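Residue numbers (my numbering), protein chains in the order written: chain F, 86 to 414; chain L, 86 to 414.
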């Protein structure tokens, strides 16, 4: 038997445990070229919220009764594929469950062995890849430029801050609360903005970047995007990665004085990590090197047990997590 | 004496004639290297509205009593510069007046002689340069791509439509009213959208571009920008030239579902014509060739007399003009 989270109800207001249901799924016999993976770590990603209903959603809405998707790492416990013997550590997209029967093509072996496997759900996985390409290919930064990154204490943001420091940028990072701000200073941010501190984001960013910003890595939208436009130098580049301020709210972006986009010659580009898939090996080489050299710290927030998944999603949507939020099985 | 329009009052609601004052300015003797130019044609540009007050303004606000700026063409009537003898036709930035004393460096001689001089305020001048670089350098179009251009019956838009056709694009053009739409068909637009016709812009653009758009040249903002995002293909490019929907209104852009920018990997870039000044000769060569070959028609709306300037500005802000709005002296 596998235990699998399913969608059970359209959310109304904050997510409830009953919006999901944990159900048994029988273990079918493996076919040729298939393996059974026992999951050990599960990823909780905000995009799942967008799939639960069609309110302000940009992701396809899942039918009720669907199995919830998400990244996972685990070990092969039964194998009918010669390339993935029992014991192989793999990364795959069948999370929100304790085990999964998968074709070999759906699994990616992970290594080296000394690397904690959950790292492949964080800085060595999709969030790291998002940070890497969203910063280096979308923004094409040059050493000495001023970068603002919002929601910087999250899985993507902590990688952006550290890659930016490695590349010689001046980093202004925002997050909510003094603990996160302290973390960002430890990770090398030059200036930290606490979004929960008094004052508007415009005021706080203007104070943090008195000569303006060259680059903005946006995870938030809303008042953060507005503040970045207000502080943008002529020709500033904006990388739009996420708009967590708008998830599940039927969000509308209200942007005062949109002529700023024209007059300041803003170059703004939305992106998603999969569009850079063809160059993933570049990311893997650099990031593995940085992690092994101790130049890339990977903070984690860990909840235990499959039952904690709905709370994990609530936590990541509230922004409670420092670094990557993970479920340990 | 020169007659010069000055700012006289901060506007309240629609512009009034009394927001401006036409005043005499004494003719001072020319210095060495200076010329006196009698203006024959004046340009009326929407950006002037943004300089009249600080409400939703992106341009520096002019102090009350300032001389209003704007493009002009005229002829040298008195010269103390050997390079600009009497009779030379020149383009300069001292419009909203009947004559001006200028240094030679402030004047650009225009030709060939058979070309109507007012063309250098339109397709052979700043609006043409805006269309040329905003389409060809910002959007980098490829033949066969689908372009949407808004406010297409104006000075910039009529050039965008025709350059796009020369470059082999499929052109969807919007404007307000059946006369403008008929003009756009004559200029070569493949599909025309009347923004005043029943239905939302989203509906109308979706019907005009059932397979989506690759490129958007934005002169409007607001519901046109929203509709373009809704019809955008993955990786679509947006050139932000103007947001006439927001002039003088303390405008706020309301963009539903901003995650569209991310998920559709939109590349959006604000620009202003002066940033391409170094490559102006490219534009001049191509555009002059197209105009002389009859491939570029330049519709004009003409008002007579210096006294018509405030009404001209109101007209261009209301979008009454077909093609370039000009004042003939």
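All residues carry an ideal CB built from backbone N, CA and C; glycine is no exception. Bear in mind the structure is a predicted one, so any value in this text is a computation, not a measurement.
In terms of beta-carbon proximity, residue 116/F stays away from the interface with chain L, with every pair separated by 8 Å or more. In terms of beta-carbon proximity, residue 257/F stays away from the interface with chain L, with every pair separated by 8 Å or more. The beta carbon of residue 350/L falls within 8 Å of a beta carbon belonging to chain F, placing the residue at that interface. A distance below 6 Å between beta-carbons, with the five flanking residues on each side excluded, links residue 279/L to the following residues of its chain, in chain order: 266. For the segment 314 to 331 of chain F, the residues whose beta carbon sits under 7 Å from a beta carbon of chain L are, in order, 325, 326, 327, 328, 331. What residue 347/F touches in chain L, judged by beta-carbon distance under 8 Å, is 143, 325, 326, 327, 328, 355, 356, 357, going in chain order. Within chain L, no residue has its beta carbon less than 9 Å from that of residue 224/F; the closest one is some 13 Å off. Following the DSSP letters along the chain, one finds residue 260/F inside the beta strand (DSSP E) bounded by residues 255 to 260. Contact of residue 374/F with chain L is not assigned, every C-beta pair being separated by 8 Å or more. The alpha carbon of residue 212/L has as its nearest neighbour, out of 123/L, 326/L, 260/L, 149/L, the alpha carbon of 326/L. Taking a beta-carbon distance threshold of 8 Å, residue 362/F does not count as an interface residue toward chain L. In the displayed model, residue 205/L falls within a helix according to three-state DSSP.
Within its own chain, the residues whose Cβ lies closer than 6 Å to the Cβ of residue 218/L, once the five positions on either side in sequence are excluded, are 361, listed in chain order. The continuous alpha helix (DSSP H) containing residue 347/L extends over residues 344 to 348. Contact annotation for residue 306/L against chain F: 343 [CB-CB distance below 7 Å, chain order]. Per the C-alpha coordinates, the member of 292/F, 340/F, 322/F, 302/F positioned closest to residue 308/F is 340/F. When 287/L, 151/L, 134/L are compared, the shortest CA-CA separation from residue 90/L is found for 151/L. The alpha-carbon of residue 397/F is positioned some 56 Å away from that of residue 270/L. By the neighbour-count criterion, in which a residue is buried when 16 or more other Cβ atoms sit within 10 angstroms of its Cβ, residue 284/F is exposed. As summarised for the segment 285 to 311 of chain F, the continuous alpha helix (DSSP H) elements at least 4 residues long and confined to that stretch are 286 to 293, given in chain order. DSSP lists 175/L as the bridge partner or partners of residue 194/L. In this structure, residue 257/F sits away from residue 241/F, with a CB-CB distance that is not shorter than 8 Å. In the pairwise beta carbon analysis, the segment 348 to 355 of chain L is classified as touching the segment 350 to 364 of chain F: at least three pairs are separated by under 8 Å. Residue 366/F carries a helical assignment under DSSP once its states are collapsed to helix, strand and coil. With a cutoff of 8 Å on beta-carbon distance, residue 149/F and residue 93/F are scored as near each other. DSSP places residue 117/F outside both helix and strand once states are collapsed to three, so it counts as coil. Fewer than three Cβ pairs drawn from the segment 92 to 107 of chain F and the segment 284 to 297 of chain F lie within less than 8 Å of each other, which leaves the two stretches out of contact. In its chain, beyond the 5 residues on either side, 217 have a beta carbon closer than 8 Å to the beta carbon of residue 371/F. C-alpha of residue 184/L to C-alpha of residue 137/L: approximately 22 Å in a straight line. Under DSSP, residue 276/F takes part in a beta bridge, and its partners are 257/F. Look at residue 401/L here: in three-state DSSP terms it is helix. Ranked by how close their Cα comes to the Cα of residue 342/F, the residues 234/F, 195/F, 311/F have 311/F in first place. Sequence-distant Cβ neighbours of residue 162/F in its own chain, meaning closer than 6 Å and more than five residues away, are 121, 123.
Secondary structure note for residue 410/L: its beta strand (DSSP E) is the uninterrupted segment 409 to 413.
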